[in-house]
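Number of protein chains: 2
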Amino acid sequence: MHSNIIDVAKKAGVSIATVSRVLNDSEKVKSETREKILAVIDELKYVPNPAARGLIMRRTEAIGLLLPDLHGEFFSEIIRGADEAVQAQSYHLIVSSSHNDSKEIEAALRFMRGRVDAIIVMSPQVDSEILLANLPKSVPVVLLNCRTSNPHFDTIMTDGYGGAREMTNYLLDLGHTRIAVLTGGENNIESQERLRGFRSALRERDITPNRSLEFAGNFTEVSGYETVREVLLLKDRPTAIFAFNDSMAIGAIKAIREEGLKIPSDISVCGFDDIPVAKFLSPSLTSVCVPIHDLGVMAVNRVFDRIKKRTKGASAHMFVSTTLSIRNSCKKINTMSNLEKEGNAA
Amino acid sequence: MHSNIIDVAKKAGVSIATVSRVLNDSEKVKSETREKILAVIDELKYVPNPAARGLIMRRTEAIGLLLPDLHGEFFSEIIRGADEAVQAQSYHLIVSSSHNDSKEIEAALRFMRGRVDAIIVMSPQVDSEILLANLPKSVPVVLLNCRTSNPHFDTIMTDGYGGAREMTNYLLDLGHTRIAVLTGGENNIESQERLRGFRSALRERDITPNRSLEFAGNFTEVSGYETVREVLLLKDRPTAIFAFNDSMAIGAIKAIREEGLKIPSDISVCGFDDIPVAKFLSPSLTSVCVPIHDLGVMAVNRVFDRIKKRTKGASAHMFVSTTLSIRNSCKKINTMSNLEKEGNAA
DNA sequence: CTTTGTAATGTAAAGGTTTACATTAAAAAT
DNA sequence: ATTTTTAATGTAAACCTTTACATTACAAAG
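Read top to bottom, the protein sequences are chains A and B. Whatever position you read off the first sequence (first residue = 1), add 94 for the numbering used here. Whatever position you read off the second sequence (first residue = 1), add 94 for the numbering used here.
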């Protein structure tokens with residue numbers, strides 16, 4: 095069907111070695127010979143067979159990207175960043191979603207073996223054992239927001255703890271003390287980190303975290319919506335809702351509005367991640383800014399450092415800090431208790 | 095590094111052919127032999143080399159997905175649908191973004207050659223010539239929302255014309271006659287189709303489309319925002335804004351709110367695509383519902399029909415119709431001219 | 001004119017599979 | 001006991017490259 099290197103060699107009247115040489119411009123080839131071969135390649139529309147090449151070179155020019163889910167803007171931003179970085183090196187991306195299912199992780203990882211030069215795994219949900227058992231030893235691996243501190247792989251973690259702390263402090267500074275949080279599931283490392291940061295900030299201000307204000311969502315808009323409907327039923331309603339990602343915050347806002355309440359005057363809402371759409375919401379959403387796109391870029395660049403042997407030796411653990419994107423969905427309150435506290439503190 | 099089929103054969107005391115047979119359970123192998131080999135495979139953690147397999151089988155178990163962009167929820171939904179369908183067949187997805195650049199399209203397509211068993215291309219921007227010149231003849235291709243009516247390839251088109259017509263009629267029924275549209279760029283086939291539908295609906299009601307109410311955006315939130323800021327400066331302000339995708343509608347809403355206007359009481363806004371977040375906005379966004387996720391699924395299934403030879407012969411051209419998702423961002427108005435018209439019509 | 005050195009090109013092995021065909025072993029038929 | 005049939009397994013070619021090593025041709029040096 096397709097012409098191969100032999101066809102080219104025959105038509106150009108040279109050996110396949112010479113054709114291969116001009117293909118990879120590895121060694122000197124007389125320029126007239128080169129021209130001739132190039133002309134034939136063009137004429138025959140010859141493209142080297144990547145399987146054959148991959149077989150002998152042990153190089154695929156592809157990077158595997160394994161994500162837990164493909165839902166929402168967060169993951170699309172990761173892909174966008176990774177694709178950008180990968181294209182800059184003339185590499186390509188093999189994307190797969192694991193849906194947090196260990197069988198699917200296994201299948202995806204097996205598929206990638208031999209098909210990619212490196213793997214980027216984002217798997218906040220699955221515990222390390224399953225993951226580690228299936229991670230190939232033969233290619234570089236970068237773990238993105240996984241249950242970390244694994245000595246064998248490079249890891250990148252966003253500072254969920256610090257980000258949540260900072261946001262919580264911000265809310266406390268605004269006078270909120272009854273803050274409900276919407277978490278992302280018990281086994282999710284990112285959710286855990288954020289919860290840890292939240293609680294820690296409260297304790298630092300001598301507020302005992304109230305478990306009954308910690309609601310379990312699953313990082314989707316729907317879960318934010320439904321959970322907040324419950325929250326609003328509480329007799330002692332919180333003055334602020336801290337959703338552990340923006341999708342849940344968006345769902346929360348809808349639920350609050352449906353109840354006829356105003357944001358931020360009746361209740362403050364903030365999110366986490368700062369997905370691109372956050373600043374366009376009304377009110378624009380206050381959120382913890384995670385450089386999502388850059389996370390994809392970083393992971394890819396790290397992986398290239400390994401591939402190109404620019405980085406050797408022990409694995410590195412990078413920590414990506416967050417910033418606060420303060421917008422219009424949170425407001426200062428002056429409750430009685432708040433005034434009292436200020437009085438006490440002053 | 096990795097063990098290969100020869101290692102397995104040696105350790106199991108059989109020939110590589112037998113190992114291959116149990117791997118592909120192609121022919122009968124004595125069950126004790128099979129057990130033995132399976133055990134060795136397990137012990138050696140042997141995984142067949144996909145490059146070698148792909149080389150001889152001419153099959154890669156991967157589908158290429160070429161998108162114009164990876165921005166926003168629209169494309170992430172396409173990827174999600176495609177990945178889902180592909181995983182159902184134990185296939186995998188190679189994703190690439192072309193950024194509407196013909197050089198990048200060329201590069202991506204060249205890369206995919208030999209690496210994928212089929213290609214799905216979404217390229218509403220680039221004209222068919224460049225695309226066709228680079229599309230491989232050797233694997234099935236599905237064109238998704240491309241400048242269509244190409245006899246050589248299967249195509250899937252969403253009914254942008256019909257969707258825009260329907261939405262326009264809806265707006266007209268609500269009494270809007272001064273409707274501004276936010277288009278998605280001149281060379282974009284989807285934008286063109288939607289514009290055609292919009293104009294056609296107007297003409298059917300004897301309204302001459304007013305070019306000065308057609309504003310060029312580029313399908314991003316920012317472009318919606320900035321364009322609508324201009325729109326609001328108009329002395330005879332439109333009563334409705336029809337954004338040709340939801341991202342621009344989101345930007346539009348922000349611009350309108352910043353001007354202190356209320357949606358939908360002061361001005362109606364609607365979008366196109368009905369991305370998942372649309373129903374969670376406030377007010378929830380009226381939009382033309384495109385089954386985005388299903389588009390990805392359909393494209394993949396079509397491609398599998400070709401791969402598995404379930405479908406032969408002439409290429410098919412599928413047309414995906416849209417529906418209206420009527421929510422709360424558009425409102426009936428009763429202007430003077432509107433009342434007059436109703437009087438005339440009755 | 002012969003030898004040496006060098007630039008250009010060619011030869012063949014290797015990479016890891018699948019599979020058509022060949023072989024062997026054992027059971028069934030004669 | 002010999003032949004035929006069948007089931008199980010083995011052999012080797014093919015898939016398409018890259019590259020170490022071999023060869024050739026020719027110019028420079030002796």
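Positions of the beta carbon are idealized from the N, C-alpha and C atoms, including for glycine. If you're wondering where the values come from, they're calculated on a predicted model, not measured in any experiment.
Here B/Ala310 is exposed: its Cβ has fewer than 16 other Cβ atoms, across all protein chains shown, within 10 Å. Secondary structure at A/Thr112: helix, using DSSP grouped into helix, strand and coil.
Burial check for B/Ala393: the Cβ neighbour count within 10 Å reaches 16 or more, so the residue is buried. Within the DSSP secondary-structure output, B/Met251 pairs in a beta bridge with B/Phe413.
Judged by DSSP secondary structure, A/His270 falls outside any beta strand (DSSP E); it is assigned neither H nor E. Neighbours of A/Ala106 across chain B, judged by C-beta separation under 8 Å, do not exist; the nearest C-beta is about 21 Å away. By the criterion of at least three beta-carbon pairs nearer than 8 Å, the region 314-329 of chain A is not in contact with the region 283-290 of chain A. For the region 344-387 of chain A, the continuous beta strand (DSSP E) assignments of 3+ residues that do not extend past its boundaries occur at 362-367, 380-383, in sequence order. Taking 9 Å as the cut-off, the beta carbon of A/Phe366 is found no closer than this to the beta carbon of A/Asn395. Inclusion of A/Ser423 and A/Ile369 in the CB contact set at 9 Å is not warranted, their separation being larger than that value.
Secondary structure of B/Glu178 (DSSP, three-state): helix. In the same chain as B/Val108, and ignoring 5 residues on each side of it, the C-beta atoms closer than 7 Å to its own belong to Thr127, Ile131, in chain order. Burial state of A/Asn428 is exposed, judged by a 10 Å Cβ sphere holding fewer than 16 other Cβ atoms. By the neighbour-count definition (other C-beta atoms within 10 Å, threshold 16), B/Ser306 is an exposed residue.
Any Cβ of chain B closer than 9 Å to the Cβ of A/His96 would place that residue at the interface, and such an atom is present. Taken in chain order, the members of the region 322-355 of chain B whose beta-carbon sits within less than 7 Å of a beta-carbon on chain A are Ile344, Gly345, Ile347, Lys348, Arg351.
In the DSSP annotation of this structure, the continuous segment of the beta strand (DSSP E) that includes B/Ala334 starts and ends at 334-337. Between the region 112-129 of chain A and the region 150-157 of chain A, the count of Cβ pairs shorter than 8 Å is below three; the stretches do not touch. Just so you know, the alpha carbons of B/Ile344 and A/Asp119 end up roughly 51 Å apart.
Inclusion of A/Val236 and A/Val397 in the CB contact set at 9 Å is warranted, their separation being smaller than that value. With a minimum length of 3 residues, the unbroken runs of beta strand (DSSP E) contained wholly in the region 186-217 of chain B fall at 186-191, 212-216. When C-beta atoms of the region 133-141 of chain A are compared with those of the region 142-152 of chain B, fewer than three pairs fall below 8 Å, so the two segments do not count as touching. Counting only Cβ-Cβ distances below 7 Å, A/Arg241 has no contacts in chain B at all, with the closest Cβ about 23 Å away. With respect to the 9 Å criterion, A/Ile361 and B/Val189 are not classified as neighbours on the basis of their beta carbons.
Cβ-Cβ separation between B/Ala145 and B/Ile401: approximately 20 Å, too far for a contact (criterion under 8 Å). Assigned with DSSP and collapsed to three states, B/Val316 falls in helix.
B/Glu284 sits buried, since 16 or more C-beta atoms from the chains shown fall within 10 Å of its C-beta. Between the region 192-204 of chain B and the region 194-213 of chain A, the count of Cβ pairs shorter than 8 Å is below three; the stretches do not touch. For A/Thr154, the three-state secondary structure derived from DSSP is coil.
The beta-bridge partner set that DSSP reports for A/Leu238 consists of A/Met216, A/Ile250.
In summary, B/Asn281 is exposed, with fewer than 16 beta-carbon neighbours lying within 10 Å of its beta-carbon over all protein chains present. The beta carbons of B/His186 and A/Ser232 sit about 19 Å from each other, so the pair does not count as a contact at 8 Å. In this structure, the straight-line span from the alpha carbon of A/Phe247 to that of A/Pro230 is close to 11 Å.
Considering only beta carbons, no part of the region 104-137 of chain B lies closer than 8 Å to chain A. Of the candidates A/Leu161, A/Leu160, A/Asp177, the residue whose Cα lies closest to the Cα of B/His165 is A/Asp177.
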